[in-house]
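Taking it in order: structure first as structure tokens, then the write-up.
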Amino acid sequence: MTTVSDYERAPTVAREDPQLAQHLEKMWEGKKGLYGWLSTVDHKKIGIRYIITAFAFLVAGGVEALIFRLQISWSNVHLLTPEQYDQLFTVHGMTMIFLYAGPVLSGFSNYLWPLLLGARDMALPRLNALSYWIYLCAGIFLYSAFFLGFGPNDGWFNYVPYAARAYNAGPNIDMYALGMILLGISTTVGAINFIVTFLRLRCPGMSINRVPILIWGTLTASAANIFAIPAVSLAFFLLWMDRNLGTHFFDVTAGGSALLWQHLFWMFGHPWVYAIVLPAMGMVSDGLPVFCRRPLVGYTVVALATVATMVLGFGVWVHHMFATGLPGVSLSFFSAASIIIVVPSAVGVFAWLATISLGRPVFTTAFLFFASFIVLFTIGGVSGFMTGSVPVDWQLTDTYFVVAHLHYVLIGINVFPVVGATYFWFPKMTGKLMDERLGSWNFWTMFCGFNLGFFPMHISGLLGMPRRIYTYGEGMGWDWLNLITTLGSFLFAAGVLLFIWNVVKSYRYGVSAGANPWDAPSLEWATTSPPPPYNFTVIPNVASRHPLWEDRLEDPERKEKSFIGVGLALDQGKETLATTSLDAEPDLILKMPDDTLVPLLLALCLTVIAVGLALVNWWVVILGGLCTAISIAAWLWPEAKLGETAVPAVTERGNG
Amino acid sequence: MSVSKPVCLSGCFAAILWVSPAAGAAPLQYLTGAGDKADPVVALTWGVIVISLLVIVVITALLVGAVWKKPRLVMAVGEKTAIGPAEGGHNWLWIGVGLSSTVLLFTVVWTVVVLAKAITPATKPLVTIEITGKQWWWQVKYDSSDPSRVFITANEIHIPAGQPVQFKLIGGDVIHSFWVPQLSGKTDTIPGQINETWLEAKNPGIYRGQCTEYCGVQHAHMGIVLIADTPADFRKWWDHQLQTPTIADALGASEFVAHCAGCHTVRGTIAAGSLGPDLSHLMTRTTIAASFPNDGPTLARWIANPQSLKPGSLMPAPEITAQQRDQILAYLETLK
Numbered sequence: 011m012t013t014v015s016d017y018e019r020a021p022t023v024a025r026e027d028p029q030l031a032q033h034l035e036k037m038w039e040g041k042k043g044l045y046g047w048l049s050t051v052d053h054k055k056i057g058i059r060y061i062i063t064a065f066a067f068l069v070a071g072g073v074e075a076l077i078f079r080l081q082i083s084w085s086n087v088h089l090l091t092p093e094q095y096d097q098l099f100t101v102h103g104m105t106m107i108f109l110y111a112g113p114v115l116s117g118f119s120n121y122l123w124p125l126l127l128g129a130r131d132m133a134l135p136r137l138n139a140l141s142y143w144i145y146l147c148a149g150i151f152l153y154s155a156f157f158l159g160f161g162p163n164d165g166w167f168n169y170v171p172y173a174a175r176a177y178n179a180g181p182n183i184d185m186y187a188l189g190m191i192l193l194g195i196s197t198t199v200g201a202i203n204f205i206v207t208f209l210r211l212r213c214p215g216m217s218i219n220r221v222p223i224l225i226w227g228t229l230t231a232s233a234a235n236i237f238a239i240p241a242v243s244l245a246f247f248l249l250w251m252d253r254n255l256g257t258h259f260f261d262v263t264a265g266g267s268a269l270l271w272q273h274l275f276w277m278f279g280h281p282w283v284y285a286i287v288l289p290a291m292g293m294v295s296d297g298l299p300v301f302c303r304r305p306l307v308g309y310t311v312v313a314l315a316t317v318a319t320m321v322l323g324f325g326v327w328v329h330h331m332f333a334t335g336l337p338g339v340s341l342s343f344f345s346a347a348s349i350i351i352v353v354p355s356a357v358g359v360f361a362w363l364a365t366i367s368l369g370r371p372v373f374t375t376a377f378l379f380f381a382s383f384i385v386l387f388t389i390g391g392v393s394g395f396m397t398g399s400v401p402v403d404w405q406l407t408d409t410y411f412v413v414a415h416l417h418y419v420l421i422g423i424n425v426f427p428v429v430g431a432t433y434f435w436f437p438k439m440t441g442k443l444m445d446e447r448l449g450s451w452n453f454w455t456m457f458c459g460f461n462l463g464f465f466p467m468h469i470s471g472l473l474g475m476p477r478r479i480y481t482y483g484e485g486m487g488w489d490w491l492n493l494i495t496t497l498g499s500f501l502f503a504a505g506v507l508l509f510i511w512n513v514v515k516s517y518r519y520g521v522s523a524g525a526n527p528w529d530a531p532s533l534e535w536a537t538t539s540p541p542p543p544y545n546f547t548v549i550p551n552v553a554s555r556h557p558l559w560e561d562r563l564e565d566p567e568r569k570e571k572s573f574i575g576v577g578l579a580l581d582q583g584k585e586t587l588a589t590t591s592l593d594a595e596p597d598l599i600l601k602m603p604d605d606t607l608v609p610l611l612l613a614l615c616l617t618v619i620a621v622g623l624a625l626v627n628w629w630v631v632i633l634g635g636l637c638t639a640i641s642i643a644a645w646l647w648p649e650a651k652l653g654e655t656a657v658p659a660v661t662e663r664g665n666g
Numbered sequence: 011m012s013v014s015k016p017v018c019l020s021g022c023f024a025a026i027l028w029v030s031p032a033a034g035a036a037p038l039q040y041l042t043g044a045g046d047k048a049d050p051v052v053a054l055t056w057g058v059i060v061i062s063l064l065v066i067v068v069i070t071a072l073l074v075g076a077v078w079k080k081p082r083l084v085m086a087v088g089e090k091t092a093i094g095p096a097e098g099g100h101n102w103l104w105i106g107v108g109l110s111s112t113v114l115l116f117t118v119v120w121t122v123v124v125l126a127k128a129i130t131p132a133t134k135p136l137v138t139i140e141i142t143g144k145q146w147w148w149q150v151k152y153d154s155s156d157p158s159r160v161f162i163t164a165n166e167i168h169i170p171a172g173q174p175v176q177f178k179l180i181g182g183d184v185i186h187s188f189w190v191p192q193l194s195g196k197t198d199t200i201p202g203q204i205n206e207t208w209l210e211a212k213n214p215g216i217y218r219g220q221c222t223e224y225c226g227v228q229h230a231h232m233g234i235v236l237i238a239d240t241p242a243d244f245r246k247w248w249d250h251q252l253q254t255p256t257i258a259d260a261l262g263a264s265e266f267v268a269h270c271a272g273c274h275t276v277r278g279t280i281a282a283g284s285l286g287p288d289l290s291h292l293m294t295r296t297t298i299a300a301s302f303p304n305d306g307p308t309l310a311r312w313i314a315n316p317q318s319l320k321p322g323s324l325m326p327a328p329e330i331t332a333q334q335r336d337q338i339l340a341y342l343e344t345l346k
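Those protein sequences? They're chains H and S, same order as listed. Counting in our numbering, the first sequence runs without a single skipped number right up to 666 at its last residue. Counting in our numbering, the second sequence runs without a single skipped number right up to 346 at its last residue.
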């Protein structure tokens with residue numbers, strides 16, 4: 011029998027010691043074998059799975075790009091049929107934007123968040139597992155359509171009416187729509203998890219003005235996703251109904267609207283662009299200062315700029331639609347908004363420049379990626395600024411200039427920071443350092459290949475080359491530029507291969523890293539590399555943004571001292587601490603769930619529903635629905651041991 | 011990175027931009043304009059290009075300066091160094107963001123000014139042309155208050171030079187985008203709504219255009235030829251287009267009606283299909299199938315096997331003998 015008093019307990023304060031560690035290890039270590047692999051809810055394992063899966067998709071998307079680049083590397087090449095070309099460029103976009111760029115950041119954030127925040131897991135570990143499994147299922151679902159020969163073929167933004175049954179009769183678009191809805195569930199539950207974790211799982215003392223910028227980036231992206239994903243999931247569901255149930259949302263012959271799709275899509279699409287760069291910018295804001303031996307210049311302004319970017323980011327979607335015949339007044343508004351949104355980006359650029367300039371740079375591979383990112387970010391930013399100007403955009407839109415722009419954004423602001431972040435955090439994840447000499451080769455190959463490949467696209471765009479043409483005649487003035495672009499893209503791909511090789515090699519033969527190889531300031535470096543399943547033996551208690559630099563950093567604002575090796579033990583089961591939302595005062599002891607297969611089962615059941623809808627077979631849909639209901643019931647089944655325990659008295663912060 | 015890189019890049023950039031159009035090698039470039047609508051946009055385009063290149067150069071220079079000015083710090087793994095300073099550097103933010111915001115505001119104002127000019131022509135257009143985007147060609151209809159002067163053609167648009175011309179843009183099936191870069195930016199043709207745009211060509215000449223909204227497998231072959239004539243020539247051309255073509259080849263004409271009339275129109279005959287382009291004066295056009303040269307061999311190939319020229323095209327291969335094909339070809343060549 012449990013009684014009320016069991017749910018109220020003053021936690022004990024302890025010093026880190028091997029006995030306590032052993033005790034925690036016993037409770038936190040996952041099960042072994044296949045069952046353990048499928049049932050884990052450990053954020054670190056899930057995070058690494060996310061990262062590896064996302065990189066697998068990056069490689070797939072890259073191979074697709076290399077194939078179709080050959081088709082347009084010169085005029086009148088006959089390598090692919092138009093349909094093959096269309097599927098390849100669509101699947102490439104879908105892969106990079108939805109299956110790589112977002113998930114890879116979810117992976118890093120999943121891995122890093124609890125470590126950065128001084129917690130033992132994410133707030134909702136089972137939801138975390140669910141998020142990954144649905145992502146994997148959605149990826150397999152979308153790719154199985156492609157391998158069966160009916161991959162999406164209407165570009166990643168899938169405009170109607172070309173996506174309607176009348177013009178696109180095959181199952182291609184249905185599979186894309188259902189796969190995207192499935193993926194939307196994954197992103198949504200992931201976003202909820204990040205928000206709850208931010209609000210409740212920061213260790214004592216980590217008030218919101220002390221969290222790393224990566225936390226701000228992912229938090230902002232997650233909040234945006236909560237608002238943005240419903241628009242696109244709805245759009246895809248309406249489209250599926252139009253195609254299969256005879257509704258007319260987008261059917262202009264029956265009173266529907268073609269532009270409705272574009273509004274719904276870009277209301278999601280533009281915030282999504284920020285969602286897949288803000289966390290990456292956060293990685294740079296946190297990683298770069300470590301290699302400049304000083305804190306980031308302008309922490310508060312950068313954090314605010316992150317949030318401001320997203321707020322403004324919801325007001326610029328129409329700049330994807332400048333040529334659709336909207337009235338001048340709304341064009342002016344969205345044009346101004348699209349230009350003004352550069353201001354918060356400028357905050358970031360000058361903060362990073364100042365940090366390097368006023369610091370002492372250390373030339374690690376991670377530093378090279380982070381520092382070069384500033385230039386790539388600038389190029390992607392100014393080309394975005396150019397497209398923000400309506401009359402100019404009327405020329406630039408749907409040409410290769412936009413292709414250049416979006417690749418500078420996605421590769422420059424996502425891939426470069428992510429690769430830099432891998433060099434930075436790989437030692438934490440594996441306990442091994444990555445090879446720096448190979449890293450240098452890796453960086454220069456990627457940097458030169460990328461600029462050689464993608465900068466000329468600006469020029470082919472200015473010379474009028476439209477997007478998404480599978481061929482072009484001679485005499486258009488684009489041949490040499492396209493050949494250079496293709497060569498550059500192969501060089502860039504070689505750089506990515508060097509990176510993967512370095513990861514594999516360093517994982518096997520890398521030099522041991524120790525807990526804090528870079529002498530970095532934040533909490534993840536306070537625990538061992540790789541961290542134990544419970545992350546921290548005792549819950550840290552921080553008094554500044556840079557707990558591990560406090561002994562060397564003159565900070566007039568800091569009154570107290572952080573406590574790392576002494577803190578709340580929370581050793582009565584799988585436990586972590588919940589704190590208050592703003593000030594991070596201890597509030598509750600959270601009981602964390604054990605490993606379980608239910609998230610995997612739920613993901614599979616949802617996939618069965620998607621398959622049923624793809625086949626328009628209601629029996630399969632009903633079966634999937636029933637199994638989903640059973641899985642959810644199993645998930646929500648009350649367990650006494652998961653009851654939250656209140657921290658009764660006000661616990662003194664930092665008492666040791 | 012090196013300082014020379016962006017300089018070098020912008021050098022190449024400028025060189026290519028100036029050389030290519032000069033050589034007539036990039037018919038779809040829009041860095042030079044050829045009319046009242048395009049000109050202010052071209053100036054704005056160059057304006058934002060120059061601002062952008064300057065920003066890239068300045069930021070790169072600042073970065074390179076920041077990275078290289080100090081003796082390089084080398085750290086061993088796990089080594090602890092001095093950290094700091096904790097504060098400072100805010101001047102970078104205020105100055106950098108202040109300057110950026112000024113440039114951005116200036117661009118917003120310039121944009122709105124150009125936008126106002128680009129939306130409405132200075133004088134009221136006298137000619138209105140109705141363009142319908144279809145998979146994968148353009149139907150072109152010349153409007154007139156006099157019904158006897160209305161006619162339909164395809165893919166090639168004649169306009170009078172030196173005056174604004176109004177365009178009504180209609181989505182015939184999926185979304186397409188109408189674009190003649192030397193004269194005007196893009197406006198989509200969207201089913202269910204009629205978009206309007208205008209353009210003006212200062213001088214007579216041939217201007218190339220292209221569909222720029224992805225519209226299916228033959229999106230790549232949806233070209234536009236826009237020919238600006240002197241007002242007198244334009245009038246003459248219009249008058250000629252209104253005429254019913256004379257049938258000089260009765261045998262070919264009957265083969266045409268038997269095999270092609272379901273989709274194509276030749277005015278004055280019973281061929282009155284509207285699924286494909288109007289062919290009444292086919293021989294006055296320089297292209298066929300919205301992209302290919304209008305010459306004997308190409309036309310013959312197009313008639314016999316459209317899918318070999320434009321795979322996925324909605325024109326089916328007719329079931330005809332080589333002889334019938336030649337008769338149809340001979341007939342088409344009379345449609346002057």
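Glycine is no exception: its CB is placed at the ideal position from the N, C-alpha and C atoms. These numbers were taken from a predicted model, which means no experiment stands behind them.
Within the same chain, and ignoring the five residues on either side of residue 467 of chain H in sequence, the residues whose Cβ sits closer than 8 Å to its Cβ are 410, 411, 413, 414, 417, 491, 495.
Between the C-alpha atoms of residue 610 of chain H and residue 376 of chain H there is a straight-line separation of about 35 Å.
Contact annotation for residue 321 of chain S against chain H: 91, 92 [CB-CB distance below 7 Å, chain order]. Between the segment 194–202 of chain H and the segment 234–247 of chain H there are three or more inter-stretch CB-CB distances shorter than 8 Å, so the stretches are counted as touching. A straight-line Cα-Cα distance of about 11 Å links residue 627 of chain H and residue 254 of chain H.
As for any alpha helix (DSSP H) of minimum length 4 sitting wholly inside the segment 286–328 of chain S, the runs are 306–314, 316–319, ordered along the chain. Counting only Cβ-Cβ distances below 8 Å, residue 309 of chain S has no contacts in chain H at all, with the closest Cβ about 17 Å away. For residue 254 of chain H, the enclosing alpha helix (DSSP H) starts and ends at 223–254. Listed in chain order, the alpha helix (DSSP H) elements of length 4 or more contained wholly in the segment 327–415 of chain H are 338–350, 352–367, 375–398, 400–406. Shown here for residue 266 of chain H: same chain residues with a beta carbon closer than 7 Å to its own, the five before and five after excluded, namely 258, 259, 260 in chain order.
Counting along the chain, no beta strand (DSSP E) covers residue 483 of chain H, and no H or E run does either. When CB distances to chain S are screened at a threshold of 7 Å, the residues of the segment 554–571 of chain H falling below it are 559, 562, 563, 564, 565, in chain order. Ranking H/420, H/449, H/419 by CA distance to the CA of residue 432 of chain H puts H/449 first. Looking from the CA of residue 100 of chain S, the closest CA among H/307, H/36, H/105, H/570 belongs to H/307. Looking at the DSSP output, residue 144 of chain S bridges to S/147.
Think of a sphere of 8 Å around the beta carbon of residue 527 of chain H: the chain S residues whose beta carbon falls inside it are 87, 88, in chain order. A direct Cα-to-Cα measurement between residue 72 of chain H and residue 499 of chain H gives close to 9 Å. In the DSSP assignment, residue 632 of chain H is bridged to no other residue.
The DSSP-derived three-state label of residue 529 of chain H is coil. Excluding residues up to 5 positions away in sequence, 553, 554, 568, 571, 572 lie with their Cβ nearer than 8 Å to the Cβ of residue 560 of chain H in the same chain. For the C-beta of residue 443 of chain H, the chain S residues within less than 7 Å are, from N- to C-terminus, 87. By the C-beta criterion, the segment 380–388 of chain H is judged not to be in contact with the segment 159–173 of chain S, since fewer than 3 inter-stretch pairs fall below 8 Å. Neighbours of residue 360 of chain H in chain S, taken as residues whose beta carbon is under 7 Å from its own, are 102, 103, 106, 107 in chain order. Nearest Cα to residue 539 of chain H within the set H/526, H/531, H/547, H/549: H/526. The Cβ atoms of residue 192 of chain H and residue 624 of chain H lie no closer than 8 Å to each other. Taking C-beta atoms as the reference points, residue 388 of chain H and residue 105 of chain S fail to come closer than 8 Å. Contact note: residue 197 of chain S reaches chain H through 333, 334, 335, 404, using a C-beta cutoff of 9 Å and chain order. In the assembly as shown, residue 346 of chain S is an exposed residue. Its beta-carbon has fewer than 16 other beta-carbons within 10 Å. The Cβ-Cβ distance between residue 335 of chain H and residue 406 of chain H does not fall below 8 Å. Just so you know, the alpha carbons of residue 160 of chain H and residue 105 of chain H end up roughly 15 Å apart.
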